[in-house]
Amino acid sequence: MKDTIKDLLEEINSFNTDSSEEVEAFRIKFLGSKGLLKNLFADFKNVAASEKKIIGQALNNLRNTATDKVNVLKNTLESSNLDKSNYGDLTRPAEPLNLGARHPISIVKNKIIDVFSRIGFTVSEGPEIEDDWHNFTALNLPEYHPARDMQDTFFIEKDPDILLRTHTSSVQVRYMENHKPPIRTVSPGRVFRNEDISARAHCIFHQVEGLYIDTDVSFADLKQTLLYFTKEMFGKSKIRLRPSYFPFTEPSAEVDIYWGLETETDYKITKGTGWLEIMGCGMVDPNVLTNANIDPLVYSGFAFGMGIERIAMLLYQIPDIRMFYENDVRFLEQFKSVI
Ligand code: DAH
């Protein structure tokens, strides 16, 4: 009997498995109602009285060892099953993350900022609610100037006039008032005009204004900067500057880029000419420099301004400006792949 107990103890100690069926078979073999231990305990009555104590202890130890073994194996299996149900199959493709998309206005704005920041321009911002001075008067648009009618204005208060800025050129005045040349800055922001809403116009839209002031800044610097911009932004390297009029610049020009006439859309958006107008620009009028306490005899500079919606419509072929403001996810979702 002693030898049997010793052999079984060894068998129990060396047993190991990761299958719950084998654990159960092991339990039945040793601890089941017809198991080995039951038989051994039954044989116990035949053990000589002198050996009863020692064999009894050995039998109890055998039963406890078998019970512990079953419990330990069961627990281990259970916790590893738990892990499996927690993590599932780790080789399985993951659930897709619900990614948001940047608004196309932000995408284009960031792209413009990026292009100009590479040649040393910083970003500046100003208030959307402006006074008459920064939106008009300092920009060489004194009271009763007919060019004020170029931009229909939302007024908030009269005398003194407080209004919603009609362009981000107001930020150029604020920037010049607070910074000494050399100045290189772009000012993105929202602007407001009292206009009828249609597929091509809205009463709220976005602009980026650019300003460069230093000694000896010439029209050639302006043209070269704009050429760099159109190459980087649109991958187009042909531009033309058409003479135009803005009160705050002299001379002034409108910038067209050669878009091409390869597709039907090209024909449509360029009205069959291949050329597209993308912004206004010019050399900062000496009066504007004086108004901002910069000496026009020492410094000169150029400025430009463009509409972000217009550029986004061109880049992504968006047919209606109202789509930017409706927040329809079917529209917004399409910009997921663009950063
Ligand atoms: N402020 C003009 C507009 O809203 C755009 C513009 C034109 C800005 C020429 C400029 C500029 O700085 O030089 O129509």
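First residue of the sequence shown: -5, per the numbering used here; consecutive thereafter. Every residue, glycine too, gets a C-beta built ideally from N, C-alpha and C.
DSSP lists T116, L205 as the beta-bridge partner residues of T179. Nearest to I48 by C-alpha distance, out of I191, K0, P90, R304, is K0. Per DSSP, the continuous alpha helix (DSSP H) segment holding V17 begins and ends at 14 to 25.
Between the alpha carbons of K225 and I272 lies a distance of about 13 Å. With fewer than three CB-CB distances shorter than 8 Å, the segment 253 to 265 does not count as touching the segment 164 to 182. Contact between P241 and N134 holds: their C-beta atoms lie close to 4 Å from each other, under 8 Å. Put simply, the backbone Cα of E203 is about 54 Å away from that of D83.
In its chain, beyond the 5 residues on either side, V167, M170, E171 have a beta carbon closer than 6 Å to the beta carbon of A286.
Checking the 7 Å criterion, the Cβ of C197 is out of range of every heavy atom belonging to the ligand DAH. The continuous alpha helix (DSSP H) containing A36 extends over residues 30 to 37. Using a Cβ distance threshold of 8 Å, T162 and G301 do not count as a contacting pair. Beta bridge pairing from DSSP links E248 with R236, G274. Restricting attention to I198, N7, E122, K105, the CA atom closest to the CA of T61 is found in N7. For L157, no alpha helix (DSSP H) encloses it; the enclosing beta strand (DSSP E) starts and ends at 156 to 158.
Your pair D289 and L270 does not check out as a contact, with CB atoms roughly 37 Å apart and the cut at 8 Å. D208 places its beta carbon less than 8 Å from that of P175. Of the residues F148, D210, H173, the one whose Cα lies closest to the Cα of N188 is F148.
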